[in-house]
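Position in the sequence shown (first residue = 1) + 5 = the numbering used here. As structure tokens, the structure follows; a few thoughts come after it.
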Amino acid sequence: MGIGYYVGALVSKADLNHPVSKWYDRAPLIGAVLGAVGTWVVVRLVDSDVSVLLALGVVIVGAAVGTGIGWLAGLATQRNARTAIGIQAIAAAAATAAVAAVVGWVLFEKLITSITWPSAKQRIPFPQIDVVTGTAIDIGGVTIQRSAIFTMAALAICAILLWFFINRTRLGRGMQAVSQDPDTARLMGINVDRIIVVAFALGAVLAAIAGVSQGLQNNNIEFRMGFLAGLKAFTAAVLGGIGNIYGAVVGGLVLGVVEAMATQYIPGQFGGSTWKDVWAFVILILVLVFRPQGLLGARVVDRA
Numbered sequence: 006m007g008i009g010y011y012v013g014a015l016v017s018k019a020d021l022n023h024p025v026s027k028w029y030d031r032a033p034l035i036g037a038v039l040g041a042v043g044t045w046v047v048v049r050l051v052d053s054d055v056s057v058l059l060a061l062g063v064v065i066v067g068a069a070v071g072t073g074i075g076w077l078a079g080l081a082t083q084r085n086a087r088t089a090i091g092i093q094a095i096a097a098a099a100a101t102a103a104v105a106a107v108v109g110w111v112l113f114e115k116l117i118t119s120i121t122w123p124s125a126k127q128r129i130p131f132p133q134i135d136v137v138t139g140t141a142i143d144i145g146g147v148t149i150q151r152s153a154i155f156t157m158a159a160l161a162i163c164a165i166l167l168w169f170f171i172n173r174t175r176l177g178r179g180m181q182a183v184s185q186d187p188d189t190a191r192l193m194g195i196n197v198d199r200i201i202v203v204a205f206a207l208g209a210v211l212a213a214i215a216g217v218s219q220g221l222q223n224n225n226i227e228f229r230m231g232f233l234a235g236l237k238a239f240t241a242a243v244l245g246g247i248g249n250i251y252g253a254v255v256g257g258l259v260l261g262v263v264e265a266m267a268t269q270y271i272p273g274q275f276g277g278s279t280w281k282d283v284w285a286f287v288i289l290i291l292v293l294v295f296r297p298q299g300l301l302g303a304r305v306v307d308r309a
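Structure, rendered in structure tokens:
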């Protein structure tokens, strides 16, 4: 009886001949905003140097144009609209949009002109960090760069902490459950949305550490520095096994060793530093052909 009452009340309030549409209900306000902002855009395209008096005129004209467009939009959609929006509300929306467009553009222009933006093609020196940067260390006739030591130390620490987080914490085990079956994990009481946020945050932290290591290796920052590094990271993940944390570490180490050996021990035209990337991808192709699941990846068999 109670359910029938609520259903009857809802049906009585709804007109089945006119389906509910949010666009129809808000068409006058949307038209007012678009008309006011469009007026400002047209004026900016015609004259890029807008004075104070012209800006005030644009506000007044934009408010009038927006009000007119909003009123016409209300007339066009009044048959399907559930609510009638008055001309005062339309005019207020148009005036607010016109003022916001003018003020927002002025503030944006002042911000752009007051800040000295670096050139996209210009290399920026990477900040020097004490202890990490400096003269190389000579151990038994082997010269080791301090940035390389930092990279190896960061790799070991991040790998250990990531292993502990994934295998020894409740949040990490929840992450494993979500990666296997998010629907079942949700039924078991795991907050899947929270796990996804944590996974993205964890990836951002690890990417930041990798970026610092890359900057210390290159000593400069440029817009192309992450392309090849990201390609190598994906290659290392595939080489070790997608979804396997230990495989990604092993794949990266194998990739680096292959590049170093190709540079030092392959003689002739196909050796040297110019061919190290080629040999790295050759190893990747061989692994994909003969072991598609990667070096440490497990073969997964789907059963019906």
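Every residue, glycine too, gets a C-beta built ideally from N, C-alpha and C. If you're wondering where the values come from, they're calculated on a predicted model, not measured in any experiment.
Between the stretch 215 to 232 and the stretch 164 to 176 there are fewer than three C-beta pairs closer than 8 Å, too few to call the two in contact. If you ignore the 5 residues before and after G273, its C-beta comes within less than 8 Å of no other C-beta in its own chain. The beta carbon of A96 lies closer than 6 Å to those of T72 in the same chain, with the five residues before and after it left out.
In chain order, A241 place their CB closer than 7 Å to the CB of G257, counting only its own chain and leaving out the 5 sequence neighbours on each side. The beta carbons of L301 and V263 sit no closer together than 8 Å. If you compare the alpha carbons of D282, L39, G248, S278 with that of Q298, the shortest gap goes to G248. Within the same chain, and ignoring the five residues on either side of G220 in sequence, the residues whose Cβ sits closer than 7 Å to its Cβ are F131, I226. Put simply, the stretch 98 to 108 touches the stretch 57 to 65. At least three CB pairs are less than 8 Å apart. Distances from the alpha-carbon of I162 to those of G40, L293, A215, R296 put A215 closest. Within the stretch 39 to 126, the complete alpha helix (DSSP H) runs of at least 4 residues fall at 57 to 81, 92 to 119. Assigned with DSSP and collapsed to three states, D186 falls in coil, not helix or strand. Within the stretch 178 to 243, the complete alpha helix (DSSP H) segments of 4 residues or longer fall at 187 to 192, 197 to 223, listed in chain order. Rounded to the nearest angstrom, the Cβ distance from V203 to L176 is 6 Å, consistent with a contact under 8 Å. DSSP places P132 outside both helix and strand once states are collapsed to three, so it counts as coil. Contact annotation: the stretch 41 to 61 does not touch the stretch 76 to 91, with fewer than three C-beta pairs closer than 8 Å.
At least 8 Å separates the beta-carbon of A265 from that of W284.
Under a 10 Å Cβ-count criterion, G208 is classified as exposed, with fewer than 16 other Cβ atoms of the shown protein chains found around its own Cβ.
Short of 6 Å from the beta carbon of T148, and not among the five residues preceding or following it, lie these beta carbons of its own chain, in chain order: A141.
Within a 10 Å sphere around the beta-carbon of S119 sit fewer than 16 other beta-carbons, which makes this residue exposed. For I144, the enclosing beta strand (DSSP E) starts and ends at 142 to 144. In the assembly as shown, I200 is a buried residue. Its beta-carbon has 16 or more other beta-carbons within 10 Å. Nearest Cα to V47 within the set I90, A89, V107: V107. At a Cβ-Cβ threshold of 8 Å, S152 and V137 count as neighbours.
In the DSSP annotation of this structure, the continuous segment of the alpha helix (DSSP H) that includes V263 starts and ends at 250 to 270. Sixteen is the threshold: since fewer than 16 other Cβ atoms of the shown chains lie within 10 Å of the Cβ of M193, the residue is exposed. Only exposed fits V111, as fewer than 16 other CB atoms lie within 10 angstroms of its CB.
By the beta-carbon neighbour count (other beta carbons within 10 angstroms, threshold 16), L59 is exposed.
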